[in-house]
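The numbering used here numbers the first residue of the sequence shown as 4 and each following residue consecutively. Just so it is clear, CB atoms sit at the ideal spot from N, CA and C, and this is done for glycine as well. Please read these numbers as outputs of a predicted model, since none were measured by experiment.
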Amino acid sequence: MSQTAQTVREDGIISSVSGPVVTARDLDARMNDVVYVGDEGLMGEVIEIEGDTTTIQVYEETSGISPGEPVESTGEPLSVDLGPGLLDTIYDGVQRPLDVLEDKMGSPYLDRGVDAPGIELDKEWEFEPEVEEGDVVETGDVVGIVEETITIDHKVMVPPDYEGGEVVAVESGSFTVDETVVELDNGEEVQMRQEWPVREARPTVEKKTPRTPLVSGQRILDGLFPIAKGGTAAIPGPFGSGKTVTQHQLAKYADADIIIYVGCGERGNEMTEVIDDFPELEDPSTGNPLMARTSLIANTSNMPVAARESCVYTGITIAEFYRDMGYDVALMADSTSRWAEAMREISSRLEEMPGEEGYPAYLAARLSQFYERAGYFENVNGTEGSVSAIGAVSPPGGDFSEPVTQNTLRIVKTFWALDADLAERRHFPSINWNESYSLYKDQLDPWFQDEVADDWPEKRQWAVDVLDEETELQEIVQLVGKDALPEDQQLTLEVARYLREAYLQQNAFHPVDTYCPPEKTYLMLTTIQTFNDEAFDALEAGVPVEEIIDIDAAPNINRIGVQEDYEEYVDELKSEITEQLRSLY
Ligand code: ADP
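1. Could you name the residues of the same chain whose beta carbon sits closer than 7 Å to that of Lys444, not counting the 5 residues immediately before and after it, in chain order?
2. So, with DSSP's three-state summary, where would you put Ser371?
3. Give a single yes or no on whether Val248 has its beta carbon closer than 7 Å to a heavy atom of ligand 1.
4. Three-state secondary structure (DSSP) at Met34?
5. Could you have a look at His513 and say whether DSSP puts it in helix, strand or coil?
6. With DSSP collapsed to three states, give me the class of Ala343.
7. Nearest to Ile563 by alpha carbon, out of Ile551, Thr581 and Tyr525?
8. Contact defined as beta carbons within less than 8 Å: I believe Pro70 pairs with Val20. What is the distance between those atoms, to the nearest angstrom?
9. According to DSSP, is Glu72 helix, strand or coil?
10. What are the residues that DSSP puts in a beta bridge with Gln194?
11. Can you have a look at Met328 and say buried or exposed, based on whether 16 or more other CB atoms are within 10 angstroms of its CB?
12. For Pro449 and Val171, I'd like the C-alpha separation in whole angstroms.
13. If you draw a straight line from the C-alpha of Glu64 to the C-alpha of Ala364, how long is it?
14. At a threshold of 7 Å, does Gly401 count as lining ligand 1 (C-beta to nearest heavy atom)?
15. Measure the alpha-carbon distance for Gln221 versus Asp258 and round it to whole angstroms.
16. Can you round the beta-carbon distance between Thr411 and Val396 to whole angstroms, since I take them to be within the 8 Å contact cut?
17. Checking the sheet assignment: what are the DSSP bridge partners for Val25?
18. Note the first and the last residue of the continuous alpha helix (DSSP H) segment covering Thr235.
19. By Cβ distance, which residues of its chain are closer than 7 Å to Ala367, with the 5 residues on each side in sequence left out?
20. On a Cα-Cα basis, can you pick out the residue from Val145, Arg28, Trp128 and Gly266 that is closest to Glu75?
21. Quick one: does the C-beta of Gln492 sit closer than 7 Å to a heavy atom of ligand 1?
22. How about the region 493-511 and the region 522-542: do they share at least three Cβ pairs that are nearer than 8 Å?
23. Taking a contact to mean a Cβ-Cβ separation below 8 Å, would you say Leu284 touches Leu293 in this structure?
24. Tell me whether Gly41 sits in a helix, a strand or coil according to DSSP, three-state version.
25. Kindly indicate which three-state DSSP category Cys314 falls into: helix, strand or coil?
26. Check this for me: beta carbons of Ala505 and Val248, under 8 Å apart or not?
27. Would the region 476-496 count as touching the region 547-555 if we require 3 or more Cβ pairs under 8 Å?
28. Shortest alpha-carbon distance to Phe178 belongs to which of Thr235, Gly266 and Pro87?
29. Between which two residues does the beta strand (DSSP E) containing Glu150 stretch?
30. Is there contact here, the region 78-92 with the region 192-201, by at least three beta-carbon pairs under 8 Å?
31. Have a look at Gly240 and Val415 and give me their C-alpha separation to the nearest angstrom.
32. Since Tyr165 contacts Thr142 with CB under 8 Å, what's their CB separation in whole angstroms?
33. I'd like to check one pair, Arg311 with Asp260: are the Cβ atoms closer than 8 Å?
34. Alpha carbon to alpha carbon, what distance is there between Asp36 and Gln6?
35. Counting beta carbon pairs with one atom in the region 316-332 and one in the region 349-356, are three or more of them shorter than 8 Å?
36. Does DSSP put Tyr506 in a helix, in a strand, or in coil?
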């Protein structure tokens, strides 16, 4: 968070303290200004002004502060520091680096009154200019490059609130983020560090229709319910259904350049897991540490509620900054329910009129403001970049009719519904194929047709049809039993079983199966379809269904997922299936 102490203006006095909500009188501040509260100087934000009374949400534990203590306004909105050093860092919800907090406090959870800049101010970065004296640069233009991590080149840009002009001086070499690297003829000076208010979207030229998938390497997602680069998705599911595993899989394998992982107040130990795990992980596409393209924002539920409210804004602002550089960014928020609960708690402290289930009436507006900031954009500097936003939702009791799930559903275009029954049966990922959907399918098909196979959409439709038919048949089976079905329907059930077991299931913990490239996803479907076509031919030729189902080769369909040399394996398997079935008649 930006250091704005030098701009501190007027003092006010605390008049009341109610959990994270503090009121002050005589404070000269505007809406959303950052203020320092009490003798300890706890960080807060103005959320309401009424006459002489200012209401503040405080980002830190407020026990111990009391009426009469001073409040200072910085006169500036809650902003994040943007610049090299954001990646490979773990922040709290107001962009204080956890390791710095830990050093200062001895624990990441006792963080009252500790301020720390969002990016390191002393560190020197090797700046390589991309402009020369005499060049004219505009807002957003890239003036130079810094190797931020082993994976990512950080583009130093003219900040959005600059006018731009002719370059009159340019430096190269080692600089800190606050040293000027480019000077313009109008007196503007470009440093590597910018600030941006978190509640405001960074400017762009145009939001475009996204046409490239965010390939996840998860078969059911890429194959049936794809998300676009710049798309929005929700993962609702009850406790233990696999939200976190799915988010982690995406963070590891999605083909985004940059990953922003926002853990807003999931159970404390889970976020600790992320904090411990992620630094150990390798980026499968480069072999570099995964953290080299990742920024983590971690607000466990034992951190104050207001910091949870702000964490998604901090996350999406960082995401937009890398989008401006022309990168594809994927932001995961786990879980948006905790975020909504933070809103609810603050709203109730404010004694606002509650809406559905006690959530504030502006819940829907807040959710849509957040997801609206996702998209595939033409940036002000002419590059294209994207922010994909994927939010987990944890509805109490897994009941999707509750307000957070329902409001999210109205906004997002991809819906991956996790299912407790599937999870209980150990069908993972437990994404319910009947309830889930993607509204991006059609616009992404050309990409899959060009990059993978011409008949990608037909293959998908075939699989969807078989699974639909299975759902209907299952109802009959429940009533009369499988053996009462005609043979062709029994065979359909068998094909559907392979679709479920081989194609839809995928083991996140198997070293090979954990990531499935689209080619493999496609070949797996073609194998099941080969079985289907040959099996129905055999049935038509009079072979009894039991014999068809019983061929040796068929169960190997379930082994495709774990094959590294899947092309060869699939070729052989298809021939075996064909041979064995044809030998029956
Ligand atoms: P949630 O976040 O919804 O509470 P988790 O993501 O922690 O649930 O998942 C619960 C458990 O389910 C995991 O610990 C794991 O054992 C299992 N699981 C979930 N998804 C998968 C998967 N894709 N492959 C294998 N196991 C999974």
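Taking the definition as stated:
1. Correct list, in chain order: Pro229.
2. In the displayed model, Ser371 falls within a helix according to three-state DSSP.
3. Result yes, Cβ under 7 Å from ligand 1.
4. Note: Met34 maps to coil in three-state DSSP.
5. Coil at His513, not helix or strand.
6. Three-state result, Ala343: helix.
7. When the alpha-carbon of Ile563 is set against those of Ile551, Thr581 and Tyr525, the nearest one is in Tyr525.
8. Going by Cβ atoms, the distance from Pro70 to Val20 rounds to 7 Å, so yes, they are a contact pair.
9. In this structure, Glu72 counts as coil in the three-state DSSP scheme.
10. According to DSSP, which records beta bridges pairwise, Gln194 is partnered with Thr183.
11. Result: buried.
12. Distance between the alpha carbons of Pro449 and Val171: 47 Å.
13. Using only the alpha carbons, I get a separation of about 26 Å.
14. Annotation for Gly401 indicates a beta carbon at 7 Å or more from all heavy atoms of ligand 1.
15. Each residue's Cα considered, the two are about 12 Å apart.
16. Indeed, because the Cβ distance is near 6 Å, the residues count as touching under 8 Å.
17. According to DSSP, which records beta bridges pairwise, Val25 is partnered with Val20 and Ile59.
18. It is not in any alpha helix (DSSP H) - Thr235 instead sits in the beta strand (DSSP E) that spans Thr235 to Pro239.
19. Asn410, listed in sequence order.
20. Glu75 has its Cα closest to that of Arg28, out of Val145, Arg28, Trp128 and Gly266.
21. In this structure, Gln492 has its CB at a distance of at least 7 Å from all heavy atoms of ligand 1.
22. Counting C-beta pairs closer than 8 Å gives three or more between the region 493-511 and the region 522-542, which meets the contact rule.
23. For Leu284 and Leu293, yes; Cβs fall inside 8 Å.
24. Under the three-state reduction of DSSP output, Gly41 falls in the coil class, being neither helix nor strand.
25. Correct three-state label for Cys314: helix.
26. Taking C-beta atoms as the reference points, Ala505 and Val248 fail to come closer than 8 Å.
27. Yes: the two stretches touch, three or more of their Cβ pairs being nearer than 8 Å.
28. Measuring from the Cα of Phe178, the nearest candidate turns out to be Pro87.
29. That run of the beta strand (DSSP E) goes Val145 to Glu150.
30. Under the Cβ criterion (8 Å, minimum of three pairs), the region 78-92 counts as touching the region 192-201.
31. For Gly240 and Val415, the distance between alpha carbons rounds to 15 Å.
32. With 8 Å as the limit, Tyr165 and Thr142 qualify as a contact, their Cβ atoms being about 6 Å apart.
33. No. Outside cutoff.
34. Only weak support exists for where Gln6 lies, its pLDDT of 43 falling under 50; the coordinates are left without a value.
35. With a cut-off of 8 Å, the region 316-332 and the region 349-356 do not count as touching, because too few Cβ pairs lie within range.
36. Helix at Tyr506.
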